[in-house]
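Enquirer:
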Amino acid sequence: MFLSVFDVFKIGIGPSSSHTMGPMSAAYRFLALILSNEWPRPAGAQVASLKVSLHGSLAFTGIGHGTGRAVILGLMGEEPASVDPDRMDEIIAEVGRTGRVTPPGHPPYRFQPKTDLIFDKKQPLPGHANGMSFSALDRDGRLLLKRIYYSIGGGFVVTDTELEAMRTSLKSSGDARVPYPFSTAKQMLEMARGSGLTIAQMKRANEETKISAAELNAGLDRIWDAMKSCIDRGLKVEGIMPGGLKVKRRAKAIHDKLNEEWRSNRLNPLLANDWLSVYAMAVNEENAGGGRVVTAPTNGAAGVIPATVRYYLHFHEDATPEDIRNFLLTAAAVGGIIKHNASISGAEVGCQGEVGSAAAMAAAGLAAVMGGSPEQIENAAEIALEHHLGMTCDPVAGLVQVPCIERNALGAVKAVTAASLAIKGDGTHFVPLDACIETMRQTGNDMSEKYKETSTGGLAVNVVEC
């Protein structure tokens, strides 16, 4: 099992990795398939039009999550990492006006968003809660090509056959192509003890089988720069977030007050929590506005890890760039184990899989840069995840705003608390991280679908009714 740090942390756009980045990537993949020789194209047949249907959670909360917009952008040849957020409205308006998508390297295809983009709430697809069907038709409306894709969380997109292969691979115990092929926390600790290396060093060794050390460092620095820029933007912008709830951005006002207190040297016993919270809120307000964010491991949980890193830099003046790299490598190691053995998708296991996973990753990263042993790091991750078990995903109006923004702030606070508790111990503890991850998986399986990113239960319903 090798999941790169750059698979866990992907630069993209808000508001959702599974509902925005995933569908955009799926559309882009379908365009590439059309031009390939990987399907039995009838002699002389030419693709003239495209149709897309969204299913499950994508259908229920897709409008609030910008899924339709993401599909259109993907069919115009845009990708999450490179699309210009300032041009998205213009691109979507052009498709609505012309009834065509014009991706580079392709002929124009007919595509009327009002009729060719279907939010199908009645028929879920069998593989995953976030299912999509893409179809290519000839000029007479005959189906030439159809593919099903699943957005499985964190911006990852797979076909139905790839999803089945992934589930089969869960029975294997690792990836022999890397020097430290751990797929569980138990294996990770055993390999750390056997090698004498830290978790970050083992993760680095695995990564360097694919890329050079210089490329790895540059990539990690790019990830942190994107996270930091997102925080900085979120601390400067005011106003109402899009979507109709009329939720105000609060990060800038809170940040201004904290700076005033900082300069006045007034005693504030909640200072650390306040800085953590405002950093996380800044990120998730940017995410809610469709800005540039980093999956960590998802967009809905994108604020926890950046806030924890920024907190560490704020209160530890001796922090170095190498500390940040080790933080991200350690966090990615834990995130890969969670994704491999459970899920990071809110539509699959609820928000315990998003903010809960992010808090576990952040706690592990913070414990690592605070000098924690592998056992203390594993303990920190377990504490953080354990205290998110059972958390539902019920965004009001299908928007990644309430309760998501504040939930990231609390996730960061829990991460720091978990790291602090673990560092003060010797690494021995009652519940292993693997048991906690398995409990999250089982809890997610048992959780009612209405609490898994459908906005048909919980806060999403009761706030409106009140």
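Reminder that position 263 of the sequence shown reads as 1627 in my numbering, one-by-one numbering, no gaps. All C-beta atoms, glycine included, are put in the ideal place defined by N, C-alpha and C.
Could you spell out where the beta strand (DSSP E) holding F1483 opens and where it closes?
Expert: Against the sequence shown, residue 1483 aligns to sequence position 119. Per DSSP, F1483 belongs to the beta strand (DSSP E) from 1481-1484.
Enquirer: Taking contact to mean at least 3 C-beta pairs separated by less than 8 Å, is the stretch 1744-1752 in contact with the stretch 1781-1797?
Expert: Yes, they touch.
Enquirer: Taking 7 Å as the limit between beta carbons, can you name the residues of its chain near H1429, skipping five residues before and five after?
Expert: Working through the sequence shown from its first residue, we reach residue 1429 at position 65. P1379, S1380, H1383, T1384, G1762, V1764, listed in sequence order.
Enquirer: On the criterion of 16 or more Cβ atoms from any shown chain inside 10 Å, does R1338 qualify as buried, or is it exposed?
Expert: Here the chain comprises residues numbered 1365 to 1830, so residue 1338 is not present and cannot be evaluated.
Enquirer: Do you know whose CA, among N1690, I1455, E1443, S1628, lies nearest G1376's CA?
Expert: The sequence position of residue 1376 within the sequence shown is 12, counting from 1. It is E1443.
Enquirer: Roughly how many angstroms lie between the CA atoms of N1637 and W1626, to the nearest whole one?
Expert: Here residue 1637 refers to the residue found at position 273 of the sequence shown. Here residue 1626 refers to the residue found at position 262 of the sequence shown. Each residue's alpha carbon lies about 14 Å from the other.
Enquirer: Which two residues bound the contiguous beta strand (DSSP E) that contains V1542?
Expert: Numbered from 1 along the sequence shown, position 178 holds the residue referred to as residue 1542. Element bounds for V1542: n/a, residue is neither H nor E.
Enquirer: Per the DSSP calculation, Y1473 is bridged to which residue(s)?
Expert: Translated into positions along the sequence shown, residue 1473 becomes position 109. Bridge partners of Y1473: V1465.
Enquirer: Could you tell me whether the Cβ atoms of G1775 and V1719 are closer together than 9 Å?
Expert: Indexing the sequence shown from 1 puts residue 1775 at position 411. Indexing the sequence shown from 1 puts residue 1719 at position 355. For G1775 and V1719, yes; Cβs fall inside 9 Å.
Enquirer: Just to confirm my understanding: we take C1757, look at its own chain, exclude 5 residues before and 5 after, and list those with CB closer than 6 Å. What are they?
Expert: Sequence index remark: in the sequence shown, residue 1757 carries index 393 (1-based). Once the five neighbours on either side are set aside, the close Cβ partners of C1757 are G1710, G1714, C1715, K1816, E1817.
Enquirer: Between L1509 and the rest of its own chain, which residues show a CB-CB distance below 6 Å, the 5 nearest in sequence each way excluded?
Expert: Here residue 1509 corresponds to residue number 145 of the sequence shown, with the count starting at 1. Closer than 6 Å at the Cβ level, and outside the excluded window around L1509, lie W1403, A1500.
Enquirer: Which whole runs of the alpha helix (DSSP H) in the stretch 1665-1747 are 4 residues long or more, in chain order?
Expert: If we require 4 residues or more, the alpha helix (DSSP H) runs fully inside the stretch 1665-1747 come out as 1668-1679, 1685-1705, 1710-1713, 1719-1733.
Enquirer: May I ask which residues mark the beginning and end of the alpha helix (DSSP H) holding Y1513?
Expert: Counting from one through the sequence shown, the residue named residue 1513 turns up at place 149. It is not in any alpha helix (DSSP H) - Y1513 instead sits in the beta strand (DSSP E) that spans 1507-1517.
Enquirer: Specify the secondary structure class of F1424 as computed by DSSP and reduced to three states.
Expert: Here the question's residue 1424 lines up with position 60 in the sequence shown. Three-state result, F1424: helix.
Enquirer: Express the C-alpha separation of P1738 and A1745 in angstroms, rounding to a whole number.
Expert: Here residue 1745 is taken as the residue at index 381 of the sequence shown, counted from 1. Here residue 1738 is taken as the residue at index 374 of the sequence shown, counted from 1. Computed Cα separation, rounded: 11 Å.
Enquirer: Looking only at C-alpha atoms, which of K1778, S1721, E1712 sits nearest to P1490?
Expert: Translated into positions along the sequence shown, residue 1490 becomes position 126. Answer by Cα proximity: E1712.
Enquirer: Out of R1771, E1526, L1561, K1567, state which residue places its alpha-carbon closest to the alpha-carbon of P1545.
Expert: For the purposes of this step, residue 1545 is identified with residue 181 of the sequence shown, where counting begins at 1. Ranking R1771, E1526, L1561, K1567 by Cα distance to P1545 puts K1567 first.
Enquirer: Quick check on the DSSP output: the beta strand (DSSP E) that includes G1753 runs from which residue to which?
Expert: Your numbering for residue 1753 matches position 389 in the sequence shown. The question names Gly, but residue 1753 in the sequence shown is Leu. L1753 -> no beta strand (DSSP E), and no H or E assigned at all.
Enquirer: Give every residue of the same chain whose Cβ lies closer than 7 Å to the Cβ of A1728, excluding the five residues on either side of it in the sequence, and list them in chain order.
Expert: The residue you call residue 1728 lines up with position 364 of the sequence shown. So the list reads T1694, A1695, V1698, I1741, A1744, A1745, once near-sequence residues are dropped.
Enquirer: Starting from the Cα of A1723, find the closest Cα among K1788, F1483, A1391, I1702 and give me that residue.
Expert: Position 359 of the sequence shown, counting from 1, holds the residue named residue 1723. The candidate whose alpha carbon is nearest that of A1723 is I1702.
Enquirer: Whose C-alpha, out of T1523, L1439, V1369, I1563, is nearest the C-alpha of G1463?
Expert: On the sequence shown, position 99 is the one that residue 1463 refers to. Ranking T1523, L1439, V1369, I1563 by Cα distance to G1463 puts L1439 first.
Enquirer: Can you name, in chain order, every residue of its own chain whose Cβ lies under 8 Å from the Cβ of L1437, other than the five neighbours on each side?
Expert: As a first step, residue 1437 must be located in the sequence shown, where it is residue number 73. Excluding sequence neighbours, L1437 sits near M1388, A1391, V1447, M1452, I1455, I1456.
Enquirer: Relative to the C-alpha of T1820, which residue among H1419, T1425, L1507, G1505 is closest?
Expert: As a position in the sequence shown, residue 1820 is number 456, starting the count at 1. Cα-wise, what sits closest to T1820 is T1425.
Enquirer: From P1449, G1608, V1369, S1417, pick the residue whose C-alpha is nearest to that of Q1487; which is it?
Expert: Start at 1 with the first residue of the sequence shown, and residue 1487 comes out as number 123. Nearest option by C-alpha distance: S1417.
Enquirer: Have a look at the DSSP bridge pairing and note the partners of G1495.
Expert: Indexing the sequence shown from 1 puts residue 1495 at position 131. Paired residue(s): H1419, Y1514.
Enquirer: Which partner residues of I1375 appear in the DSSP bridge assignment?
Expert: Residue numbering aside, residue 1375 sits at position 11 when the sequence shown is read from its first letter. I1375 pairs with V1658.
Enquirer: Determine the extent of the beta strand (DSSP E) in which V1521 is found, giving its start and end residues.
Expert: Taking the sequence shown and counting its residues from 1, the one referred to as residue 1521 is at position 157. First-last of the beta strand (DSSP E) with V1521: 1520-1523.
Enquirer: Which residues in the same chain have their Cβ closer than 6 Å to the Cβ of S1497, if we skip the five residues on either side of it in sequence?
Expert: By 1-based counting over the sequence shown, the position of residue 1497 is 133. For S1497, where only same-chain residues beyond five positions count, the Cβ hits under 6 Å are S1417, I1512.
Enquirer: Is it right to say T1778 is buried, meaning 16 or more other beta carbons lie within 10 angstroms of its own, or is it exposed?
Expert: Here residue 1778 refers to the residue found at position 414 of the sequence shown. A quick correction: the sequence has Lys, not Thr, at residue 1778. Under this definition K1778 is a buried residue.
Enquirer: I need the boundaries of the alpha helix (DSSP H) containing T1820, first residue and last residue.
Expert: Mapped onto the sequence shown, residue 1820 falls at position 456. Per DSSP, T1820 belongs to no alpha helix (DSSP H) and is neither H nor E.
Enquirer: What are the boundary residues of the alpha helix (DSSP H) that K1550 is part of?
Expert: What you label residue 1550 is simply residue 186 of the sequence shown in a count that begins at 1. K1550 -> alpha helix (DSSP H) spans 1549-1559.
Enquirer: Using the rule of at least 16 other Cβ atoms within 10 Å of the residue's Cβ for burial, across every protein chain shown, is P1767 buried or exposed?
Expert: On the sequence shown, residue 1767 is found 403 positions in, with the first residue counted as 1. Buried, since its Cβ has 16 or more Cβ neighbours within 10 Å.
Enquirer: Just mark C1830 as buried or exposed, buried being the case when its beta carbon has 16 or more other beta carbons within 10 Å.
Expert: Indexing the sequence shown from 1 puts residue 1830 at position 466. Reliability of the predicted coordinates at C1830 is poor, the pLDDT of 41 falling under 50, and the value obtained from them is presented with this limitation in mind. It is exposed - the Cβ of C1830 has fewer than 16 other Cβ atoms within 10 Å.
Enquirer: Tell me where the alpha helix (DSSP H) around Q1565 begins and ends.
Expert: Translated into positions along the sequence shown, residue 1565 becomes position 201. Unbroken alpha helix (DSSP H) run through Q1565: 1563-1571.
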